[in-house]
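Each number in the working numbering comes from the position in the sequence shown (counting from 1) with 4 added on. Quick reminder that beta carbons are idealized off the backbone N, C-alpha and C, glycines included. See below for the structure under consideration.
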Amino acid sequence: MTRNESTAQHPVEISAPKTEPEPNTQGRLVLSRKITPSLLVSLGLILAFFTLITALVLAYGVGCGDDGYIASVAKNLAGGEGFSSSMQFGVKSYQLKPFDPMISTGAPVILPTTVMILLFGNTYWVPGLTQVLVCFSLNLLIGYQLDPGKRNWKIPLFTLLFLFCCYAFMAYHLEQWYALLGEVPAALFMVLGCVLSNKPKSRKTEFYVGLCFGLASQTKLLALLGFAGFCVHRFFPIIINLAKTRLRGSWTLTKESLPLLAGFCAPWLAFEVWKLIALGWADYFAIWSDLINMVSRFGSEGSRSTNLLIRAQQRLPIFLDRFGLFLPSIPLILVFARMQIDNQSVRQLFDRLSWSAGVLLVYWLFFSLGLPRYAIMALTLFIFAICLPLLSETSWKRTGVYGLVLLLLTSGCWLRLRYPIQRVETWFGPSANTKHQLETIAFLNRLEIEGKPRFATEWWATASDLEYLLPTSLNFTPYSNPQLNQKASFWLVCNTKFLSKDPEIARILYESDKSLSFGKYYLVLCEKK
Numbered sequence: 005m006t007r008n009e010s011t012a013q014h015p016v017e018i019s020a021p022k023t024e025p026e027p028n029t030q031g032r033l034v035l036s037r038k039i040t041p042s043l044l045v046s047l048g049l050i051l052a053f054f055t056l057i058t059a060l061v062l063a064y065g066v067g068c069g070d071d072g073y074i075a076s077v078a079k080n081l082a083g084g085e086g087f088s089s090s091m092q093f094g095v096k097s098y099q100l101k102p103f104d105p106m107i108s109t110g111a112p113v114i115l116p117t118t119v120m121i122l123l124f125g126n127t128y129w130v131p132g133l134t135q136v137l138v139c140f141s142l143n144l145l146i147g148y149q150l151d152p153g154k155r156n157w158k159i160p161l162f163t164l165l166f167l168f169c170c171y172a173f174m175a176y177h178l179e180q181w182y183a184l185l186g187e188v189p190a191a192l193f194m195v196l197g198c199v200l201s202n203k204p205k206s207r208k209t210e211f212y213v214g215l216c217f218g219l220a221s222q223t224k225l226l227a228l229l230g231f232a233g234f235c236v237h238r239f240f241p242i243i244i245n246l247a248k249t250r251l252r253g254s255w256t257l258t259k260e261s262l263p264l265l266a267g268f269c270a271p272w273l274a275f276e277v278w279k280l281i282a283l284g285w286a287d288y289f290a291i292w293s294d295l296i297n298m299v300s301r302f303g304s305e306g307s308r309s310t311n312l313l314i315r316a317q318q319r320l321p322i323f324l325d326r327f328g329l330f331l332p333s334i335p336l337i338l339v340f341a342r343m344q345i346d347n348q349s350v351r352q353l354f355d356r357l358s359w360s361a362g363v364l365l366v367y368w369l370f371f372s373l374g375l376p377r378y379a380i381m382a383l384t385l386f387i388f389a390i391c392l393p394l395l396s397e398t399s400w401k402r403t404g405v406y407g408l409v410l411l412l413l414t415s416g417c418w419l420r421l422r423y424p425i426q427r428v429e430t431w432f433g434p435s436a437n438t439k440h441q442l443e444t445i446a447f448l449n450r451l452e453i454e455g456k457p458r459f460a461t462e463w464w465a466t467a468s469d470l471e472y473l474l475p476t477s478l479n480f481t482p483y484s485n486p487q488l489n490q491k492a493s494f495w496l497v498c499n500t501k502f503l504s505k506d507p508e509i510a511r512i513l514y515e516s517d518k519s520l521s522f523g524k525y526y527l528v529l530c531e532k533k
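The following block contains the structure:
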């Protein structure tokens, strides 16, 4: 990210002749198109970070579970089969299900992946590279919207520490930057929206702010909570003022909220119109009913299973183990970071990011399923916020001390810094696991099996990556499908990393004498006796 601050007392001159008056920025971060050496250094740091992520893409490729599942949706769309899943949870047989509510990553990531598949085919690196390009573009847009100011050599320091903190705190989950899981792009969309909200107010700017949050929530539905936190900070002072003045000046709230809501609704409206045209009214409402049931089932699963305080106590060690941070320390860290900011504009940006991150963290702590990945959006917003004091109008000595404090904050993660790259055997080449994956695909493609489904698997997550890499769709069916009893033989394909505890599957895998293994991939020929 390339950014710094401007102050109300000393507005920033944007490459204008000295005879012209300086623009009145009113203490806000403003757009600057001046290319400086510091901006080039920051760009180099961003390129270096995403070069590393690209190396991980080429090493690890598409993963099983949600990554392969979302990649299959993009492949189906590229193949003319619509925005459809080809594997589902808890069913006896798989089918193409248009606009499946279980498609947890949205169109802002799936559509670029579809374009890349049309250009390069369903290769193992296309989904990850698409995610890298999306995140890289968002980083550049965020940096482009921040004015470097007069002390612009602080920008590379900000960029370096932001990217390092992301790497360190997410070392166990760095796949979030290249797997099609959606959390990191959604978080970056929210960061971009917060940054744009710090520009001078206009209907156009407010529309773009809403658009960013709309794209974030389209990418990941959970980002709606981040938007709620942003709106609390953005409009709460206006609402309080309206209450004090008995609703006088309510037009101010209307004027400021309508462009924002219009931008937010634009991507949702476009997607819903597409869905309605593709499905028709009956199926459209059926899909919405399924979505409401899914959100009701999974959205607050954690709050129903145990007492909220007990649930929070269970989550604290999870957060510490996965991210190297003691969760109750985050409010204290935010308070300390805010005290280091002496610029009103930077402080306002800090507050909006903190509110969004706070609402997301409260949800994760008390109401979610508690999976670490559900905290990634809040963590990304938190990291960006605590790096903002580096952009304040303070001395280099004070800035350097704060930078050292940030480094010490990551000390709990230093021992895990090698974790993301420890399985990389050849830089910019496939790892052993990826080679086994490609060998499995080559073997399955050589099998001359007529009709579909061609293979059986235990459940969707254990073969979703293979479903993406195979040339067609609907290649698999669950092992529990009664139709398999009508076949003289069939191949059971499993990824041992994602096996559930089905004793029948375990017995088949370990007792069959007609099996092949490619690393973690096991293929068993099941025949009727």
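Does the distance from the C-beta atom of residue i to that of residue j stay below 8 Å?
i	j	result
residue 217	residue 239	no
residue 424	residue 62	no
residue 88	residue 102	yes
residue 202	residue 349	yes
residue 482	residue 500	no
residue 393	residue 334	no
residue 363	residue 227	no
residue 188	residue 380	yes
residue 192	residue 242	no
residue 391	residue 169	yes
residue 136	residue 54	yes
residue 183	residue 67	yes
residue 441	residue 65	yes
residue 1	residue 59	Past the boundaries of the shown model lies residue 1; the chain is included only from 5 to 533, so the question cannot be answered.
residue 355	residue 237	yes
residue 448	residue 474	yes
residue 464	residue 73	yes
Could you check if residue i is buried or exposed, using at least 16 other CB atoms within 10 Å of its CB as the buried criterion?
i	result
residue 299	exposed
residue 487	exposed
residue 476	exposed
residue 480	buried
residue 358	buried
residue 296	exposed
residue 311	exposed
residue 91	buried
residue 277	exposed
residue 418	exposed
residue 325	exposed
residue 93	exposed
residue 221	buried
What first and last residue would you give for the alpha helix (DSSP H) that runs through residue i?
i	result
residue 127	Counting along the chain, residue 127 falls outside any alpha helix (DSSP H), and DSSP gives it neither H nor E.
residue 160	158 to 173
residue 406	400 to 413
residue 367	348 to 370
residue 437	436 to 450
residue 3	The requested residue 3 does not occur in the structure, where the chain is confined to residues 5 to 533.
residue 502	Premise fails: residue 502 is in no alpha helix (DSSP H) and is neither H nor E.
residue 384	380 to 391
Could you check where the beta strand (DSSP E) with residue i kicks off and where it finishes?
i	result
residue 527	525 to 531
residue 496	493 to 499
Grouping DSSP H, G and I as helix and E and B as strand, with all else coil, what is residue i?
i	result
residue 519	strand
residue 329	coil
residue 101	strand
residue 88	strand
residue 489	helix
residue 318	helix
residue 68	coil
residue 56	helix
residue 472	helix
residue 514	helix
residue 209	helix
residue 243	helix
residue 430	coil
residue 561	The chain is shown only over 5 to 533; residue 561 falls outside these bounds and no answer can be derived.
residue 149	coil
residue 422	coil
residue 311	coil
residue 183	coil
residue 279	helix
May I ask you to list the residues that DSSP assigns as paired with residue i?
i	result
residue 481	460
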